[in-house]
Every structure is written in structure tokens, then in C-alpha cells.
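Read the structure below first, then the notes.
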Amino acid sequence: MLEELGFSRRTFNMRPIPFAGTWGTSSSISYQLANEQVTREGTSELEGLSKKEAKRKTKELVGERAQAIAEQIVEALQAFDGYAQVEANNGYINIKFDTQRFASRVVNTISELGREYGAGEPKTDRVMVEYSQPNTHKAFHVGHLRNATLGNTLCRILKLAGFEVHKANYIGDIGMHVIKCLWCYQRFHQGEEPEPGERGRWLGEIYTESDQRVNLRQDALGLLNELSNEDPAFVTMVDRMMKELYQKHPVGEDVAYLLGQIANKREIKDDAFYSAETVPTFWPIAGQQLHTNLEMARGDREQHEDIEDEIPEPARYEEWIRQWKSLSERIEWWSWVPAWQEEIRNEFQRWERKDPDFVHLWETTRSWSMDDFERIYRELDIDFDTWFYESEVEESGREIVKELMEREIAEISDGLPVVKIDEKLGLEKETYRTMPVLRSDGTTLYSTKDLALTKHKFEEYGVDRSIWVVDVRQGLYFQQIFKIMELMGFEQAGKCFHLGYEMVTLPGGAMSSRSGNVVLYDDIAQAVLQRARQIIDEKNPDLPDEQKDDIAHDVAIGSLKYSMLSRDNNRVIVFDIEESLSFDGHAAPYIQYAHARACRILEKVDTPPSGELRFVDLTTEEIDLIQQIAIFPSEIQRAADEYKPLYIATYVYELAKKFNDFYRACPVLHAEEPQRSARIALVSSTRQVLANGLDAIGIAAPEVM
RNA sequence: GCGCCCGUAGCUCAGUGGAUAGAGCGUUUGGUUGCGGACCAAAAGGUCGCAGGUUCGAGUCCUGCCGGGCGUACCA
């Protein structure tokens, strides 16, 4: 057709018309054609103009020409049948569909396919997705929730898009964290055993305590170092503080060391002290000074005009004092730390030689955590086809290291086997760096086990693609793993993909169980459930209790999941507890509510519409809604192609919004025939797509709420 | 140093090289002789971090800079 008009042949690149209430497709091809014409015809009009003016003129000419060409093409298109209307607008060619015909086609398709609507053609690729990977002996917090939700949703979308999906979990049931936890348990909590149901959480607390014990020195000095660097008042007062310290604790070398390091803002190191009493003795003095400084920061600033800018905000002092207080409770641990670290190393050796008592304790406590995880997955409606365990790949990990050494891919450096990846690849610029594959004492690292597991996945599972849903901070780590697999000659390494996601932080900063700045899944789930239940009691007091519980669960969990999915995965989520308890606006309950509303209408229909549907005099709201339900399958495909559950989270929200617009503007049950039947069918289709869409992101669609 | 990510409305965030950059929260003012008000409408709110470049056309692609976060050999 274009050739007839004297243009060269090309494909029309169509996209939806971006105006509400119109339904069809548009093309900006006229711009491309106009540009070619203008360029070809030369630049006589542009002569003598500055570069900027020439550019502006060109833009103007192209714009005019585009409109002319669009009109020309529209003229030619009028001769064809099948469109309701064709028009040239603002240089674009808009082809509007016959709404009646397309509306009934979309609605009929959905009604035929039902739960299958949105599913893609079966694909040949088998995809393995590894996600969740919680550590036993540690608490499950909202950061883990992001991973589990993202991974599970990705699996659902890939499956719907037509891929054969293999869901894998990889439990961190051994490693330094487990050893630390069990050391602390035996040393300080021997024989204690909480109620079933609380045991997993309790173990997590033991782990935190252990971590605090071992890191006491590091944490205390961390605070002092921060104060040296960021609180000028603290540094100024260091002489007076040292005088006081010297009176209480006259180990001259240590006092001089502290004085020197703080005064010169140099890092204080814990192995530089002669006496283990120095820091614990200094601690109350430092705290006193912090309180004095806080008073000063709060006080009349005019009195300190000379250093006004340098004094930190009172809020910072409050935070420092909070940290100081928390550390004060355990500062007497200082002298124990080296011995404890030694004990933990010994504990690791007990595991290495499979000491029966130790293994027994490990098995028992491990199952406490596993019971918890299984309960949480049930609550979240998240499941797996395969469960891998770190403890199962330790041996094959050692073998793979042996192989790496024999093949000279790995070498000994500083007393431990490492792979110098850049060197092996002949890269000049540092890219993959060096990866240690075993500790110098022979114990296995995370990398040791992951190499073995990856090999296992390649050899035992016939997967074409393998995806790891893991925190983005491990980006370099996975590149290293994949490169090492490549160096070993595994072709599949090219089809490995690390789907990274950013962390979940709290308003007070990054989550850290050691500092107590953490939101546990169980706590937040309970709070959200309670709130959901409370709202249902208000909105729908007559429902039976059991049903209320079910709905509260669907709404609460859905809401939590949605908050994890409605942000792009490479964006940090600042988890706000207040916000997570609000069910208004852009959140899962909004979408679920639309679904419940649709169900309500359908419930009141006595006889379902029969015969051919006639969509006459469609309103803007109806057209927008029909368009939205029509694009569901392509949205699924797009989300699967790009590994972006976010697209579907956004999509279902938009759909709910459009349904609510429709709901307000278009009476259904009170409409006249044939409109009534058509609208009932549209509500039914919309309900189906809402349900399918929510299912794709793992969120329940209750019929009543 | 090197590498990755983020910067869009007061706040939290969407945005597939294409038409007038959109939601939610918050603020102000309204809406049920209609199928559920967990809803809806209106108002106010923008140098899309800055500067170049590519393009007929850039929030979107490229380069440089600024600001923030993260990673960078025996944690996972």
C-alpha cells in the first residue's frame, strides 16, 4: 500500500492510541517517512541558518509533512474494510477498531478460556529458579519475604507464560552462622528448650546473642571510631576524658594509645591494647561525655556560635547514646572475646569430624528452624519442587576444589585455595578478581558449596536455563561462580542468570539482627493480620468467624506480598510498618475489593446471559476496561521475558482501577437489554482476569471481604 | 581506585524512543431516593539531579559530572 503512494515498503509499527475512550491502534510511521522526504529534498530552506535554527526548522518541516503524509495514507486506507474509523491526527495515523466486534471477541475468549486466559504457548525451555534460601538457626525477616515473594511470583509468571519451571529452595543449614548459634546454645543456654512453635524464633535470638558476643569488640570500637570522626566535641574533650581514665586505670600505654588515636582520628584497633580492662573502664566516661555533648547540642546554640556548624544534631547524639547504652550492657564481655572466638573455631572442628553429640544437636535444632519455615511457606502459599541443603554439598564441594587444584584452575595463595579469575581469563583490568574456595583451616565456604550445587544442577537436572533469585549485593559473587564454571568447561554457565534485588531497609537504616534493627516476619504478619481482622469486623460483622479469619489472612498476606512486588527489584524498599498496616490506595486490598465487588454483582444475576452479546453504545469506561483485559496475555509474556513481576503487579492494579471507574459509571443490573447482558459478561470477564492476575502474583482473590 | 544500583510532585513510587510525564499517601473541597464508601470526583503540587551528545522526536539511549546506597580474597 505504501508503495502505491510512492514510498518504500516497510512494516507498520503499531501501538495503542494513548487517549482514554478510544480503542484502536496508531502508527507514527508518517514521521519516519516525512523525515526521509525532508532529508532527501535537500536543505535550501536551511541555508544561512545557524545549527540550532536549522534543527528547529527541520522539526517544523517534518511535523507538517508528517501530518500531510498521514492524511494521504488515511485516504488510501479508507478503501479497506474492517475498521470503524481511520483518521490522521497530529501526524499520527489512528485506526480505530469496530468496538462491537472486538469487545465481544475479547469477552468470549475469556469466557471460553477461564482460568487459562493469559497462558502462553508452551515453550520448550526448562527453567530452574532457586529462591528463598533461608538460613536455619536465624530469624526469618521481611528481607527474606521479599526474596520468597519475588522468586515465587517469577515462577508463577514463567509457568503461565508457557515455560516448564522447576522451583528450588536452598537451605543454609550449615556454615559459620550455625556453628556460632550452637556454640552459644551450649555455652550459655544448655538444656533450655522453648515451646514448639517458638523454637525457630528462639534459635534466631540465640544466634543474635552469639553474634553480639563475638563482635562486641568490633562494635564498641566501631562506635568510638565513628565518634572520633564525626563528633568534634568528643575529640576536643579527649584530654579531659583521658585524665579521668588515667585516675581509674593507670595503664599508661593504653591511655596514650586511645588519646592518640582519637585526637588524630585514626582507627582504634582492639589488638593494640595491653590490658583488657582499658576499654570497659573507659566506656562509662565516654558515655558521660556523650550526654554532656547532647546537652550542649540541645542548648542555646548562640552560646557556641564559633563551632555551631560542627556540632552534630541532637538526634545523632540520641542515636549514639542508644548504641552506647546497648553496648554498655555487654561491655564486660570484652575480655572474653578472643577466647570465645577460639571456642567457635573448635566447635567448627567438631562439626568437621562429625562429633556424634554435635551432629545430634545440629539435627535437632535444624528441625526446629525447618518446622518454622514450612509453616511460613504454608501461610504464604509458596512451595518448591526441590529442596537443596548446604550440608549435603559440603563433600562434593571439597571434591570440586580438589579438581580445581588438579586442573590448576585454583592455586594456593596466602595459605588457602583460590581462583584468580582475571588472571586465568587473561584480563588486564580487574573484573572478576579472586575467589577463595576453601578456608585456610580446610572448612568449606559458601562458594565451595555453591560451586558443587551448580555442577549438580547442570548434571542431574536437564535445565536449559538457571536463575538465582538472590540479594543484589552478591552480584560479583555470582559472576565469579559462573566464570569458574565456565573455566571448568560447563557450557551451561552461559545460561546462568542472577536475578538480583535490592535490600529491604528500615527507616532507621539497614536491617541487622545484631543491633536489633529488624522486623521479623512473624511479628509483622501478626500485626497485619490483626488489623485486617479488625477491619472485616467493622465492614462485614455478620460473617461467620471462620470466614472472617480466611479473609483476614488473604487480605493481610496479600497486602504484605504486594508491598514487596510493587517496587522494581533494583530499588531499595524502606519498610514502613505504619504503611504496611494501611490497606488504602495502591495496595492489594484495593484489587481484591474490585474482585469482591464483581463477585457481588454476578451473584445477583439470576440467569446468565445467553446468545450473542451485543456491545452497543460503549462508554469510555467500558472501552478502557475491555482494552485492559485484552492485553493481559501480552503483559504476562512481557513480564516473563524481562523477569519482572512488577509489570503484573502494576497491571492488576490498573485493571482494578478501570473496573472501579466502570462500576461507578455503568449500571449493570439495572441496565436495559441488550446492554445488561453485555455488561454482565464484561463483569464476569473482568472478574476472571482479576483472579488470574492476582493468582499470577500469588495473591488470593476472596469473593467477599 | 574499580564495579553495580538509585536520583521523576511535600512523601512513597509507576512510566515499552512517540501525542498534554502519571498513580498512591498527605493537604483542601465535594459525592449513597443506583450493583458494598476498603470506593469515587475536583483542586493544589514538576528546571524528570546537572551539562553535553545521538534522534524528526529523549524521563527513556550514549558520554561526563554532582548527590546517595551497595560490593570489592578465607561472612552468607
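The working numbering puts the first residue of the first sequence at 6, with every later residue one more than the last.
All residues carry an ideal CB built from backbone N, CA and C; glycine is no exception.
- In the same chain as Q90, and ignoring 5 residues on each side of it, the C-beta atoms closer than 7 Å to its own belong to K101, in chain order.
- In the DSSP secondary-structure assignment, G513 is not bridged to any residue.
- Ranked by Cα distance from V111, the first of A644, L695, Q633 and A705 is Q633.
- The three-state reading of DSSP puts P317 in coil, since its state is none of H, G, I, E or B.
- By the 16-neighbour rule on beta-carbons within 10 angstroms, I417 is exposed.
- Under the 10 Å beta carbon count, R350 is surrounded by fewer than 16 other beta carbons and is classified as exposed.
- When P199, E584 and L187 are compared, the shortest CA-CA separation from E352 is found for L187.
- For S452, there is no enclosing beta strand (DSSP E); the enclosing alpha helix (DSSP H) covers residues Y451 to E465.
- A straight-line Cα-Cα distance of about 25 Å links T241 and S331.
- When the beta-carbon positions are compared, A661 and A599 come within less than 8 Å of each other.
- In the three-state reduction of the DSSP assignment, C671 falls in the coil class.
- Nearest to I184 by C-alpha distance, out of G257, Q346 and I267, is Q346.
- R519 is a Cβ neighbour of D216, given a cutoff of 8 Å.
- Apart from sequence neighbours up to five positions away, the residues of its chain that approach R303 with a beta-carbon distance below 7 Å are P319, ordered along the chain.
- Note that the C-beta distance between G180 and Q138 is not below 8 Å.
- Contact between the region 483-492 and the region 203-221 is absent, with fewer than three C-beta pairs closer than 8 Å.
- The continuous alpha helix (DSSP H) containing I486 extends over residues G480 to L492.
- Distance between I556 and A415, taken at the CA atoms: about 56 Å.
- Apart from the 5 residues on each side of it in sequence, Q294 sits with its Cβ closer than 7 Å to the Cβ of F239, M242 and M246 in its chain, given in chain order.
- The Cβ atoms of I472 and V134 sit closer than 8 Å to each other.
- Sixteen is the threshold: since fewer than 16 other Cβ atoms of the shown chains lie within 10 Å of the Cβ of Q539, the residue is exposed.
- In this structure Y322 is buried. Its beta-carbon is surrounded by 16 or more other beta-carbon atoms within 10 angstroms.
- Relative to L226, the option among I405, P127, T283 and G420 whose CA is nearest is T283.
- Rounded to whole angstroms, the separation of the alpha carbons of M410 and Y648 is 36 Å.
- If you compare the alpha carbons of Q642, T655, L618 and A654 with that of P679, the shortest gap goes to L618.
- The count of Cβ pairs closer than 8 Å, one atom from the region 634-645 and one from the region 541-554, stays below three, leaving the stretches out of contact.
- Across the structure, N140 and H558 are spaced so that their CA atoms are roughly 26 Å apart.
- Residue range E416 to S418 is occupied by the beta strand (DSSP E) that includes I417.
- Inter-residue distance for V523 and I582 is about 11 Å (C-alpha atoms, whole angstroms).
- The three-state secondary structure of A173, taken from DSSP, is strand.
- Its chain contains C189, R335, W338, W341, V342 and W345 as the residues whose beta carbon lies nearer than 8 Å to that of R218, once the 5 sequence neighbours on both sides are disregarded; these appear in chain order.
- Residue V132 holds the alpha-carbon nearest to the alpha-carbon of I162 among Y175, H296, E404 and V132.
- Rounded to whole angstroms, the separation of the alpha carbons of N220 and I267 is 21 Å.
- About 16 Å separates the beta carbons of G96 and A81, which is beyond the 8 Å limit, so they are not a contact pair.
- Y451 sits away from V477, with the two beta carbons spaced by 8 Å or more.
- Contact check for H254 against Y212 fails: the beta carbons are separated by 8 Å or more.
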